[in-house]
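Please read the structure below before turning to the comments.
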Amino acid sequence: MLRVTYRPSTSHWLFPPIIMGILGILIVIMLIQRAVRCAKEKKPFFNLKGYRFFIENWDKTRLFGTLVLMILYFPAMELIGFLPASIIFIFLFNVLFVGLHQFKSIPVAFKTKQFWSNPDFRSLIISLAIAVISSTLIWFLFGKVFKITLP
Amino acid sequence: MGVLSFGIPQLIMSVIGVVIGIIFGALPGMTATMAIAIFLPLTYAYDLNTSLYLLLGLYVGGISGGLIPAILINIPGTPSSICTGFDGHPMARRGEGVRALRIGIVASLFGGLISLACLFFFTPPLARVAINFSAVEKFLLIVFALTIIAALSKGDMIKGVFIGFVGVLISLIGQFADNNKMRMVPSMFRVDLRMGFQLLPVLIGLFALVQIFQEAEAGMKEEHHMADLSKQSRGFNFREDFKGQWFNVLRSGIIGTFVGVLPGVGGSAASLLSYSQAKSMSKHPDKFGTGLVDGLIASEGSNNGLTGGALIPLLSLGIPGDSTTAVLVGAFMLQGIQVGPLFITNNPTIWNTILFALLIANILMFVFMFYPIKHVVKIINFPKSRIFPVIILLCTVGSYATQNGNIFDVWTMLFFGIVGYFLAKFGFSIPSFLIGFILGSDLEKYFVDSIKGSGGDLSVFFSRPIGNVIWVLILVSLVYAFWDERRSKKKAQSEA
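Rendered as structure tokens:
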């Protein structure tokens, strides 16, 4: 009958190898399945032609912008505090998601002295308002009322 | 019978939960699972009973809100409303939008109530059976849950099992409770990963950040053409619209509940299965898809059936029925409450609260959606580009709070957000991964306990009668998986 050796001192390494073994077997099965399918359809095993990772017309700016802003946001919280960092970054996320072209409206708005009537500049003001209100509200509700630890 | 905690604060929590849930459900790209993952940290501030009103409200609201965009713009707000638009949208186009919405809301209410009844009747007996389970049966039960995930991951069984076991492996990272020794931890993370990856940041990463990355990739497009609700050719009439539909309502609710019970099977499966059943049993299947009430009721009745159904295995066996209840496990864990066979016996108040909170949530969902529907539909005009930044803020706060302020958890969230994004790209199921991750440490514990009891003899896994029954079930689900895969392949070949 099948047996395994159980010793308390090594019991933490009893189970992980079994799972790794199962995963190994599954990888082999998946590779064989692919090889069989490729042989049947007479396609090469590695077929990168026509493969697209991203969806059609994917938005490079927004996807990588989101990632970059997040990577900057988390250390910024520790550096300058939760509230200031959140206001800055929630504003930037808003601008990024609505469209970076809004920044171009800043000099235009100051030159023409039309602020609210300039739709792009208005959008920036809305972004700032959302950033200030939501950050302050969450800081107050979570941090002060519910006493949840904030950065 | 335990008592029940209910009062004004709980009612308010329920209202907040349902309303926010409806908003999340109604916005395509935001789901009930995401809502619960984000609001989970609030359970630190409240006791579990009060939090459950909020979380279950989010669940019911989140599943129900999905019908609004499905009917009005033909985009399901949540995956579980996938079939709602098939018949709902044609109705809206011919000027019966309000009627379609109200039929969907009523069907949702009944679906929710049917599944609540199933939860009430089936959970205690199932738990009573499971109470006698030894480590062997508990181990096999989790293996069974993992094989069901495989059997139902349509077409790609091996991929489904594989990613489930990857989840198991990742859950083993850190300290093993039996001998306090670490494994699979790189030395630079010795402190941070001592207890492994925390559930909450993993959840938030997998269910909120992945969604945000996908939406960002797609460019956060907002334009849609909403059906006009100002002129209505036909209104809602309960007696006429539900005449002859009661069997459909009951069947859909039960199908939804049943799909909910199966681990790792999402709401879209409930909607699809119920819709195809209604179609195949109908006298006029050709009319489905043209704006038939039957199809709308089948989809919406079934997806709210999920809510109670998915809680049955969670509260009786400790195995979450879908990704949303997997997130709910987080709420129980945060409060140190063990879900499993002893849950109802040990926590009668929480059990009563769950039943009552679900009932209240269903009623509130109906009240907040049925009457003011013409105003509620405006939710879908909320711009995503304004909401997602706030969600990122909430995600960060939630992850950070997991261990009372640890920036490592925030990085964990981002890491799993990126991992989940890649998993989705390569066609791996995120819920399967999550369920493996949640059940992984229990799987190990029961395995080691079984081995301990037998002194290393592996035949212990075949020594218990109920255990052998579970072995048979495991085999059946694997055979079914193979059969189903072959059949769908043949079908695909004959169609090609």
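Sequence order for the protein chains is D and X.
Counting in numbering that gives the first Met the number 0, the first sequence runs from 0 upward without gaps.
Counting in numbering that gives the first Met the number 0, the second sequence runs from 0 upward without gaps.
The C-beta atom is built at its ideal place from N, Cα and C for all residues, glycine as well.
Report all residues from its chain with a CB closer than 6 Å to the CB of residue 117 of chain D; omit the five preceding and five following residues, and keep chain order.
As a first step, residue 117 of chain D must be located in the first sequence, where it is residue number 118. Cβ neighbours of residue 117 of chain D beyond the five flanking positions: 104 and 108.
Quick check on residue 487 of chain X: buried or exposed, where buried means 16 or more other Cβ atoms within 10 Å of its Cβ?
Within the second sequence, residue 487 of chain X is the residue found at index 488, counting from 1. Label assigned to residue 487 of chain X: exposed.
Please compile the residues from chain D whose C-beta is within a distance smaller than 8 Å of the C-beta of residue 335 of chain X.
Your numbering for residue 335 of chain X matches position 336 in the second sequence. Ordered by position in chain D, no residue passes the 8 Å Cβ test against residue 335 of chain X, which lies about 17 Å from the chain.
Just to confirm my understanding: we take residue 31 of chain X, look at its own chain, exclude 5 residues before and 5 after, and list those with CB closer than 7 Å. What are they?
Your numbering for residue 31 of chain X matches position 32 in the second sequence. For residue 31 of chain X, where only same-chain residues beyond five positions count, the Cβ hits under 7 Å are 20, 23, 24, 57, 58, 61, 62, 77 and 323.
Answer yes or no: does any C-beta atom of chain D fall closer than 7 Å to that of residue 46 of chain X?
Reading the second sequence from its first residue, position 47 is the one you call residue 46 of chain X. Answer no: the Cβ-Cβ gap between residue 46 of chain X and chain D never drops below 7 Å.
Taking only runs that begin and end inside the stretch 406-486 of chain X, name each unbroken alpha helix (DSSP H) of 4 or more residues, in chain order.
Whole alpha helix (DSSP H) segments, 4+ residues: 406-424 and 429-453.
Do we get a CB-CB distance below 7 Å when we pair residue 135 of chain X with the residues of chain D?
As a working mapping, residue 135 of chain X is identified with position 136 in the second sequence. Chain D, which has no Cβ nearer than 7 Å to the Cβ of residue 135 of chain X, makes this no.
Within the same chain, show all residues whose beta-carbon is closer than 6 Å to that of residue 482 of chain X, passing over the 5 residues directly before and after it, in chain order.
As a working mapping, residue 482 of chain X is identified with position 483 in the second sequence. So no residue of the chain qualifies.
Measure the C-alpha to C-alpha separation of residue 285 of chain X and residue 379 of chain X and round it to an integer number of angstroms.
As a position in the second sequence, residue 285 of chain X is number 286, starting the count at 1. As a position in the second sequence, residue 379 of chain X is number 380, starting the count at 1. Their Cα atoms are separated by approximately 31 Å.
Thinking just about the alpha-carbon of each residue, which of X/433, X/321, X/175 and X/451 is nearest to the one in residue 15 of chain D?
The residue given as residue 15 of chain D occupies position 16 in the first sequence. Ranking X/433, X/321, X/175 and X/451 by Cα distance to residue 15 of chain D puts X/175 first.
Counting contacts by CB-CB distance shorter than 7 Å, is residue 1 of chain D in contact with chain X?
If you number the first sequence from 1, residue 1 of chain D lands on position 2. Interface residue, yes.
Between residue 183 of chain X and residue 165 of chain X, what straight-line distance do the alpha-carbon atoms span, to the nearest angstrom?
As a first step, residue 183 of chain X is located in the second sequence; it is residue number 184 there, counting from the start. As a first step, residue 165 of chain X is located in the second sequence; it is residue number 166 there, counting from the start. Those two C-alpha atoms are separated by around 13 Å.
Quick check: is the beta carbon of residue 4 of chain D nearer than 7 Å to any beta carbon in chain X?
Taking the first residue of the first sequence as 1, we reach residue 4 of chain D at position 5. So, interface residue.
Here's the rule I'm using: 16 or more other beta-carbon atoms within 10 Å means buried, otherwise exposed. How should residue 0 of chain X be labelled?
As a first step, residue 0 of chain X must be located in the second sequence, where it is residue number 1. A caution first: residue 0 of chain X carries a pLDDT of 46, below 50, which makes its placement in the model too unreliable to give a value.
Could you tell me whether the stretch 111-127 of chain D touches the stretch 51-59 of chain D, where touching means 3 or more Cβ pairs closer than 8 Å?
No: the two stretches stay apart, fewer than three of their Cβ pairs being nearer than 8 Å.
According to a CB-to-CB cut-off of less than 8 Å, which residues of the stretch 384-398 of chain X neighbour chain D?
Listed by position along the chain: 384, 385, 387, 388, 389, 391, 392, 393, 395 and 396.
To be precise: take each residue of the stretch 23-41 of chain D, compare its Cβ to all Cβ atoms of chain X, and keep it if any distance is under 9 Å. Which residues remain?
Listed by position, the residues of the stretch 23-41 of chain D near chain X (Cβ gap below 9 Å) are 25, 26, 28, 29 and 32.
Taking the alpha carbon of residue 467 of chain X as the point to measure from, which residue in X/135, X/340 and X/327 has its own alpha carbon closest?
Taking the first residue of the second sequence as 1, we reach residue 467 of chain X at position 468. Nearest of X/135, X/340 and X/327 to residue 467 of chain X, Cα basis: X/135.
Within 7 Å (strictly less), CB to CB, does residue 58 of chain D reach chain B?
Although the question refers to chain B, the structure presented lacks it and instead comprises the protein chains D and X.
Is the stretch 270-287 of chain X close to the stretch 248-260 of chain X, with three or more CB pairs under 8 Å?
In short, these stretches touch, since the Cβ pair count reaches three.
Can you give me the C-alpha to C-alpha distance between residue 309 of chain X and residue 110 of chain X, rounded to a whole angstrom?
For the purposes of this step, residue 309 of chain X is taken as the residue at position 310 of the second sequence. For the purposes of this step, residue 110 of chain X is taken as the residue at position 111 of the second sequence. One C-alpha to the other measures close to 13 Å.
In chain X, which residues lie with their C-beta within 7 Å of the C-beta of residue 12 of chain D?
If you number the first sequence from 1, residue 12 of chain D lands on position 13. Within chain X, the residues near residue 12 of chain D are 182.
For residue 45 of chain D, decide whether its Cβ has a neighbour in chain X, counting only Cβ atoms nearer than 7 Å.
In the first sequence, the residue the question calls residue 45 of chain D occupies position 46. No, residue 45 of chain D lies away from the interface with chain X (no Cβ there is under 7 Å from its Cβ).
Classify residue 133 of chain D: buried if its beta carbon has 16 or more other beta carbons within 10 angstroms, exposed otherwise.
Locating residue 133 of chain D in the first sequence gives position 134, where the first residue counts as 1. Counting Cβ neighbours within 10 Å, residue 133 of chain D comes out buried, since at least 16 surround it.
Does any CB atom of chain D fall closer than 7 Å to the CB of residue 379 of chain X?
Here residue 379 of chain X refers to the residue found at position 380 of the second sequence. Not closer than 7 Å to any Cβ of chain D, the Cβ of residue 379 of chain X fails to qualify, so no.
If I follow the unbroken alpha helix (DSSP H) through residue 174 of chain X, where does it start and stop?
Locating residue 174 of chain X in the second sequence gives position 175, where the first residue counts as 1. Premise fails: residue 174 of chain X lies in the beta strand (DSSP E), 173-175, not in any alpha helix (DSSP H).
Determine the burial state of residue 122 of chain X: buried for a count of at least 16 other Cβ atoms within 10 Å of its Cβ, exposed for fewer.
For the purposes of this step, residue 122 of chain X is identified with residue 123 of the second sequence, where counting begins at 1. By the neighbour-count rule (16 or more Cβ atoms within 10 Å), residue 122 of chain X is buried.
Checking the sheet assignment: what are the DSSP bridge partners for residue 39 of chain D?
In the first sequence, residue 39 of chain D corresponds to position 40, counting from 1. In DSSP, residue 39 of chain D forms no bridge with anything.
Pull up the distance between the alpha-carbon of residue 124 of chain D and that of residue 110 of chain D, whole angstroms please.
Within the first sequence, the letter at position 125 stands for residue 124 of chain D. Within the first sequence, the letter at position 111 stands for residue 110 of chain D. Straight-line Cα distance between these residues: approximately 17 Å.
Our contact map puts residue 321 of chain X next to residue 396 of chain X with C-beta atoms below 8 Å; I'd like the distance itself, whole angstroms only.
Working through the second sequence from its first residue, we reach residue 321 of chain X at position 322. Working through the second sequence from its first residue, we reach residue 396 of chain X at position 397. Actually they do not touch by this definition, with Cβ atoms about 25 Å apart.
Against residue 61 of chain D, what residues of chain X qualify as contacts under a CB-to-CB distance less than 8 Å, listed in chain order?
As a working note, residue 61 of chain D is residue 62 in the first sequence. The contacting residues are 215, 216, 218 and 219.
Can you say whether residue 65 of chain D is buried or exposed, counting buried as having 16 or more other CB atoms within 10 angstroms of its CB?
Taking the first residue of the first sequence as position 1, residue 65 of chain D is located at position 66. Under this definition residue 65 of chain D is a buried residue.
Select from X/132, X/215 and X/42 the residue whose C-alpha is nearest the C-alpha of residue 417 of chain X.
Residue 417 of chain X sits at position 418 when you count from the first residue of the second sequence. For residue 417 of chain X, the nearest C-alpha among the options comes from X/215.
Can you list, in chain order, the residues of its chain whose CB lies under 7 Å from that of residue 127 of chain D, leaving out five sequence neighbours each side?
Counting from one through the first sequence, the residue named residue 127 of chain D turns up at place 128. Contacts found: 90.
Among X/326, X/85 and X/404, which residue has its Cα nearest to the Cα of residue 67 of chain X?
By 1-based counting over the second sequence, the position of residue 67 of chain X is 68. When each option's Cα is compared against that of residue 67 of chain X, the closest is X/85.
Would you say residue 0 of chain X faces chain D, with C-beta separation under 7 Å as the test?
By 1-based counting over the second sequence, the position of residue 0 of chain X is 1. Its pLDDT being 46, under 50, residue 0 of chain X is placed unreliably in this model, and the value from its coordinates should be taken loosely. False, the Cβ-Cβ gap to chain D never drops below 7 Å.
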